[in-house]
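Right, one structure below, let's go through it.
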Amino acid sequence: MQVQVVDYRAPDAPERFARSLHETGFGVLTQHPIQQALVERIYAEWLKFFDSAEKHDYAFSPEKQDGWFSTAISETAKGFSQKDIKEYYHLYPWGRIPPALKADAMQYYREANTLAAELLAWVEAHTPAEIAQHYSQPLSRMIEGSDKTLLRVLRYPPLTGTEPPGALRAAPHGDINLLTLLPAANEPGLQVQDKTGAWCDVPCDFGTLVINIGDMLAEASRGYYPSTQHRVVNPTGAAARKSRVSLPLFLHPRDDVVLSERYTAGSYLDERLRELGVKS
Ligand SMILES: O=C(O)CCC(=O)C(=O)O
Ligand SMILES: [Fe+2]
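Residues 1 to 280 in full-length UniProt numbering are what the sequence shown spells out, letter by letter.
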């Protein structure tokens, strides 16, 4: 499998990027407009937050899905029995955000959203007409006025050696949303599955941006853009004693958007959150 690494500024970037998404579900961008200094500041600030007792004041809300998800209630990937070895915080502009962390997180949220909208337009422009005719509305319109787009700050704690056998930092899964934007994490571990079932490392040079297709876009494009299974494997050696931080932005349509004959975005999300065990 060849996940393409594409220079965002190149004249043929939209086409090469959309082809990589079509062929692998993933694409990597260099020279993109997201400031690396901002990403690094967010990683450092949130590592401190996860190490503090303050996080307990922000326990997640099952109805709203904002706030801090502890390792004890963290997701169990669809079809798996072990919980992932991770804790995370769900940020929405309308949700709870620790005041000291708010300015940077919201600046990132805005900038990442702007870029995500542009990349969605690239994806749309390179959708073959026979597929695009099934979109219930232009992809770029599906996200207009959406309050569902989610910034997740993830912390995978150092391993203790007492993890249940087979538990992974993130078990194989597909993302639920349209597109995911993920700045390279501070540590490696992200892998994507190819068509033969083999796992391949996602190119993860610090400073690059990984983008992947989510299940909602696979549904709306009838599989033309595949939502590929990916996972985060456990480190060994000295890296096992370090935390890994990552910062995916999950771009979501409004709830009322029709994805296919079977689903609206709202009905799809509800079904998936129940399967993950974070909504009842
Ligand atoms: O931490 C990562 O690199 C990937 C996280 C991920 O795939 C997810 O949260 O859906
Ligand atoms: Fe994911």
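Virtual Cβ for every residue (Gly too), placed ideally from N, Cα, C.
Distances taken from the Cβ of residue 255 to the heavy atoms of ligand 2 include none shorter than 6 Å. In terms of CA proximity to residue 247, 112 leads the group 112, 22 and 96. For residue 241, no alpha helix (DSSP H) segment is defined, and its DSSP state is neither H nor E.
The beta-bridge partner set that DSSP reports for residue 7 consists of 30. Selection 159, 120, 154 and 152 evaluated against residue 143 yields 120 as nearest (Cα-Cα). Residue environment analysis places residue 63 among the exposed positions, since fewer than 16 neighbouring C-beta atoms fall within 10 angstroms of its C-beta. Sixteen is the threshold: when 16 or more other Cβ atoms of the shown chains lie within 10 Å of the Cβ of residue 252, as they do, the residue is buried. In this structure, the beta-carbon distance from residue 214 to residue 180 falls below 7 Å. The C-beta separation of residue 29 from residue 91 comes to about 22 Å, leaving the pair out of contact by the 8 Å criterion.
Distance from residue 42 to residue 108 at the Cβ level is roughly 6 Å; contact confirmed, criterion being Cβ atoms closer than 8 Å. Residues of the same chain with a CB within less than 7 Å of the CB of residue 218, apart from the 5 flanking positions on each side, are 225, 226 and 227 in chain order.
Cβ-Cβ separation between residue 117 and residue 136: approximately 18 Å, too far for a contact (criterion under 8 Å).
Residue 192 carries a strand assignment under DSSP once its states are collapsed to helix, strand and coil.
A straight line joining the alpha-carbon of residue 238 with that of residue 244 spans about 13 Å. Taking each of 106, 187 and 223 in turn and checking the Cα distance to residue 242, the smallest one comes out for 187. At least one heavy atom of ligand 2 sits closer than 6 Å to the Cβ of residue 175. The beta-carbon distance between residue 173 and residue 78, rounded to whole angstroms, is 6 Å. This is short enough to meet the 8 Å contact definition. According to the DSSP secondary-structure assignment, residue 210 is paired through a beta bridge with 28 and 182. In the DSSP annotation of this structure, the continuous segment of the beta strand (DSSP E) that includes residue 156 starts and ends at 150 to 156.
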